[in-house]
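First residue of the sequence shown: 1133, per my numbering; consecutive thereafter.
Here the structure comes first, spelled out in structure tokens, and everything after it is commentary.
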Amino acid sequence: MNTENYPRSIVAAVQAAPSYFDVNECISRLRHYTTRAKESGASLVVFSESFIPGFPSWVHMLAPLD
């Protein structure tokens, strides 16, 4: 397979913990990692699906407090 005709892309996969219960801090961290990836040449940056809003997945399994 000749790959010379395909465009090249650099993709950054960010594996970082969110700041739980702090959406603004999550966005700040997202901007930080996105900027670092762009400076390293990435044209696409991906994060985990639960990075924002910063609530841990287990929080929905807790019993209500009422």
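All C-beta atoms in this analysis are idealised placements derived from N, C-alpha and C, irrespective of residue type, glycine included.
- In the DSSP assignment, no residue is bridged to L1194.
- One thing to note: V1177 has its Cβ within 8 Å of the Cβ of V1146.
- Boundaries for V1146: no alpha helix (DSSP H) harbours it, and the DSSP string shows neither H nor E there.
- By the CB criterion at 8 Å, R1161 and A1148 fall inside the cutoff.
- Counting along the chain, the unbroken alpha helix (DSSP H) around Y1165 starts and ends at 1155-1171.
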